[in-house]
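FYI, the numbering for the sequence shown is 4 to 456, going by the numbering used here.
Note that the Cβ used here is the ideal one computed from N, Cα and C, for glycine as well.
This structure is a prediction, so every number in the text was calculated from the model and none was measured.
Heads up, the thing below is written out as structure tokens.
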Amino acid sequence: MELFGSSGTRGVVGEEFTPERVRRVAAAAAAVWDADRVAVARDTRLSGGPFTDVAAGTLAAAGADVDRLGVLPTPGVAYYCATEGVPAVHVTASHNPPEYNGIKLLGSDGTELSVDAYERVERQVFDSDDAPAPWNEVGRSRRIDGVGDDYRADLLAGIDRDTVAAADLTVAVDPGHGAGCVVSPDFFRELGCAVRTVNADPDGRFPGRDPEPVPKNLSALQRLVRSTDADVGVAHDGDADRAIFVDERGEVIDGDTSFAALAAAAVDREDTVVTAVNVSQRLVDAVDAAGGELDLTPIGSTHIVTRVRERHAAGDHVPIAGEGNGGVFFPGYRLTRDGAYVAAKFCELLAESAAPASEVVAPYTDYHFVRENVGYDAAGERDHLLDAAEAYARASDAALDTTDGYRLDYGDAWLLVRPSGTEPKIRIYAEAGDAERAATLAADLRDHLDAAR
4 MELFGSSGTR GVVGEEFTPE RVRRVAAAAA AVWDADRVAV ARDTRLSGGP
54 FTDVAAGTLA AAGADVDRLG VLPTPGVAYY CATEGVPAVH VTASHNPPEY
104 NGIKLLGSDG TELSVDAYER VERQVFDSDD APAPWNEVGR SRRIDGVGDD
154 YRADLLAGID RDTVAAADLT VAVDPGHGAG CVVSPDFFRE LGCAVRTVNA
204 DPDGRFPGRD PEPVPKNLSA LQRLVRSTDA DVGVAHDGDA DRAIFVDERG
254 EVIDGDTSFA ALAAAAVDRE DTVVTAVNVS QRLVDAVDAA GGELDLTPIG
304 STHIVTRVRE RHAAGDHVPI AGEGNGGVFF PGYRLTRDGA YVAAKFCELL
354 AESAAPASEV VAPYTDYHFV RENVGYDAAG ERDHLLDAAE AYARASDAAL
404 DTTDGYRLDY GDAWLLVRPS GTEPKIRIYA EAGDAERAAT LAADLRDHLD
454 AAR
């Protein structure tokens with residue numbers, strides 16, 4: 004797809020992402036959905052208010068009544084969609100830097116659109132003209148209050164609150180100034196945890212840290228965990244559909260590691276785990292040990308949602324799915340990445356094991372993962388870099404997988420190169436049991452791409 008990437012459409016405000024893009028996407032979604040009601044929400048970005056105004060006005064002009072939800076995490080919007088049976092336009096750029104904004108589209112079942120559905124909307128954007136409603140069929144707009152409270156109650160109903168509360172956990176929460184600020188701190192208090200917070204005021208400038216919950220951005224949370232003797236730290240991205248953890252020592256737990264620990268607790272024999280082609284060996288080993296099966300997709304939540312639906316239709320049980328970036332699904336709860344729910348499930352795991360976080364994840368830490376980015380300025384440069392990546396991959400003696408980009412399996416390590424679906428970057432991933440081996444694999448490929456410029 005040209006417009007929609009691995010999770011909606013995004014771009015720098017005033018450059019790729021403009022009011023006109025919002026208008027065209029909203030108009031196309033309205034035409035494809037042909038719905039009487041559509042919800043509109045946003046994260047905390049400074050441009051979110053004006054862009055939701057554009058989206059709401061466009062949807063109403065197309066004849067749909069508009070429910071305006073205000074600032075809400077993506078999984079909170081998903082809850083509203085599933086409860087009310089309405090689709091939604093969510094104005095968010097998720098983990099991208101403050102200068103970005105974007106749109107995710109959710110269906111009336113509360114899941115982000117499948118690949119096929121996004122393709123239909125994209126065709127409508129490029130191939131069809133708007134069809135405004137007649138003057139007497141224009142939709143109405145109304146503000147809906149209290150959705151965050153209802154969503155928190157739904158989260159609580161899906162968690163073993165008694166077990167978590169009995170563990171007397173102290174949880175340090177870092178919503179990163181994003182939409183998680185309006186839900187997660189109160190949710191963990193309602194779970195019976197003592198809560199400490201940092202970066203918990205909604206602020207679209209993201210003054211405390213960038214929205215992506217990666218180790219370089221989590222130093223304040225690490226300090227908070229250490230200074231308050233917290234049992235675990237939780238960090239979200241801008242729309243709170245991801246959760247990354249910090250253990251009781253103040254050390255960041257890699258997302259692949261926490262995913263493996265959660266999967267080990269959730270998977271039984273003959274279960275299926277759906278994940279992306281950049282799967283960590285940690286998850287492979289955890290699923291193998293449980294007697295389950297892995298099903299690999301291209302990277303991105305839309306691909307995972309699509310595959311989980313296919314496996315459900317085939318009668319397979321998928322207790323957990325997701326990626327190692329903190330974006331995990333528990334399809335039995337809802338087929339949506341939900342940072343607050345995943346964090347609560349991790350707290351359940353801590354409570355049930357009666358062990359500190361560092362011990363719970365210890366079986367999945369004997370791996371070393373490296374990710375590097377190679378930026379580009381134009382589509383031609385991207386294509387040239389991808390050609391160089393393909394040549395590198397096909398010249399290698401490793402086993403090649405082309406599900407999404409080029410993945411090389413060396414036996415003792417793997418390497419993946421692919422274009423980002425959300426930013427103008429080529430992603431390089433490497434993992435090995437030896438840190439130097441992983442770093443060398445990534446550096447060699449990066450050097451090859453730099454030399455090809």
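- Considering only K348, E273, R449, the residue with the shortest C-alpha distance to V377 is R449.
- The criterion of a C-beta distance shorter than 9 Å is satisfied by V57 and V25.
- Runs of the beta strand (DSSP E) lying entirely within the region 201 to 277 and spanning at least 3 residues, in chain order: 235 to 238, 247 to 249.
- Between D291 and V277 a beta carbon distance of about 16 Å is seen, past the 8 Å cut, so the two are scored as non-contacting.
- DSSP places Y379 in the coil class of the three-state scheme, outside both helix and strand.
- The beta-bridge partner set that DSSP reports for R337 consists of F333.
- By the CB criterion at 9 Å, N99 and G241 fall inside the cutoff.
- Between V186 and G79 a beta carbon distance of about 6 Å is seen, short of the 8 Å cut, so the two are scored as contacting.
- DSSP places E434 within a strand segment (E or B) once states are collapsed to three.
- Partner residues in the beta bridge of Y103, as assigned by DSSP, are V15.
- A distance below 6 Å between beta-carbons, with the five flanking residues on each side excluded, links P359 to the following residues of its chain, in chain order: E251.
- Cβ neighbours of V287 within its own chain (closer than 7 Å, five residues either side excluded): L297.
- By the Cβ test, the region 321 to 329 is not in contact with the region 136 to 150, since fewer than three Cβ pairs between them sit closer than 8 Å.
- Counting the other Cβ atoms within 10 Å of the Cβ of S131 gives fewer than 16, which makes it exposed.
- Listed in chain order, the alpha helix (DSSP H) elements of length 4 or more contained wholly in the region 336 to 365 are 342 to 356, 360 to 364.
- Residue pairing from DSSP places E296 in a beta bridge opposite T275.
- Collapsing the DSSP output to three states places E125 in a helix.
- Between V28 and T12, the alpha-carbon positions lie close to 9 Å from each other.
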